[in-house]
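Residue numbers (my numbering): 59 to 306.
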C-alpha cells in the first residue's frame, strides 16, 4: 500500500463511522437535519474511499472509473451540505432555495462540460473549463455552511453567557463552522494538486497528498468533537462557559 494515501483512506473510513450513529438517530427521531447530515458524511466517506483506493494500491486500471464514482458521490455530498444549511439555518428565507439550486446547477454544468471534454476524473483545471463550474458550486456550499454556522455560534454564545443557551450547542456551531472552513481549505488545496496531476500526466506528490490527508483527518476530529464529544471535552466547554458567565 502507498502510505501517502493512507490518511485519506482513514478519513473516508472515519466519515462512514461518523455517519452511522447520525443515521440511526434520524431513524428513531425522524428528524430531517440528522438524516441529511448522516447522508452527507456517508457520501463523503465513501467518496474518499473510491478516490483513494486505486492510488493506495497502485492500480491504474481503476483510477478513471473509481475517480468518476468518487466524484459523483462527492458532488452529491456538496448538495446535501447545502441542503442541510438551508434546512437548519435558513428554512424560511426566500433566497435559500435559489442558492441551493445554484449549487446543483453549477455541479451539473461542471459534470456535463467535463464529460464533453473527456475529463471523467475531474482533475484537469487547465484544459477543462467544467472543472471551475464544479469548483465554484463546491465553494458556495462550504462557504455557506461555514458562514451560517459562525453567525449561529455568535448568537448562541451570547445567549449562553446569560444562561439562555447550552454551551455545548454554541460550541457545536463553532465546530461546524470550522468543518465548513476545513472543507473549503481542502478544495482550495486541490487546485495546485490537480494542476500538478494534469501537467505530469497523472501523478500526485506525496507531500501534497499527505497535506490533504491531514486536513481531512483534522476535519474528522472536528466532527467527532461536535457530535460525539468525550466527557472530558464536554466538561471543559461547560467550565469555560461558567467562567465566562462569572466574568460578565
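All C-beta atoms, glycine included, are put in the ideal place defined by N, C-alpha and C.
Taking the Cα of residue 79 as reference, the smallest distance to any Cα among 294, 285, 210 and 297 is reached at 285. A buried status is given to residue 241, since no fewer than 16 other beta-carbon atoms sit within 10 Å of its beta-carbon. Excluding sequence positions up to five before and after residue 227, its CB lies within less than 7 Å of the CB of 214, all in the same chain and listed in chain order. By the CB criterion at 8 Å, residue 105 and residue 83 fall outside the cutoff. A buried status is given to residue 112, since no fewer than 16 other beta-carbon atoms sit within 10 Å of its beta-carbon.
With a cutoff of 8 Å on beta-carbon distance, residue 295 and residue 225 are scored as near each other.
For the options 71, 86 and 116, the alpha carbon positioned closest to that of residue 101 is the one of 71.
If you compare the alpha carbons of 230, 180 and 77 with that of residue 208, the shortest gap goes to 230. One alpha carbon belongs to residue 190, the other to residue 170, and they sit about 12 Å apart. Close CB contacts of residue 110 within its chain, under the 6 Å cut and outside five residues either way in sequence, are with 63, 66 and 67 (chain order). The alpha-carbon of residue 205 is positioned some 32 Å away from that of residue 185. A contact is defined here as three or more CB-CB pairs under 8 Å, and the region 247-258 meets this definition with respect to the region 173-187. Between residue 165 and residue 188, the C-beta gap is not smaller than 8 Å, which leaves the two residues out of contact. The beta-carbon distance between residue 202 and residue 243, rounded to whole angstroms, is 15 Å. This is too long to meet the 8 Å contact definition. Going by DSSP, residue 115 is part of no alpha helix (DSSP H) at all; its letter is neither H nor E.
Boundaries cannot be given for residue 184, as no alpha helix (DSSP H) includes it and DSSP labels it neither H nor E. Burial is judged here by how many other beta carbons sit within 10 angstroms of a residue's own beta carbon; residue 293 has fewer than 16 and is exposed. Within the same chain, and ignoring the five residues on either side of residue 269 in sequence, the residues whose Cβ sits closer than 7 Å to its Cβ are 247. In this chain, residue 88 is not harboured by any alpha helix (DSSP H), its DSSP state being neither H nor E. The beta carbons of residue 98 and residue 135 sit closer together than 8 Å. When only Cα atoms are considered, residue 133 and residue 290 end up about 35 Å apart. Apart from the 5 residues on each side of it in sequence, residue 266 sits with its Cβ closer than 8 Å to the Cβ of 247, 250, 251 and 254 in its chain, given in chain order. If you check the CB distance, residue 94 and residue 150 do not come in under 8 Å. For a cut-off of 8 Å, the C-beta gap from residue 271 to residue 114 is around 11 Å, too long to register as a contact. Nearest to residue 237 by C-alpha distance, out of 223, 283, 192 and 212, is 283.
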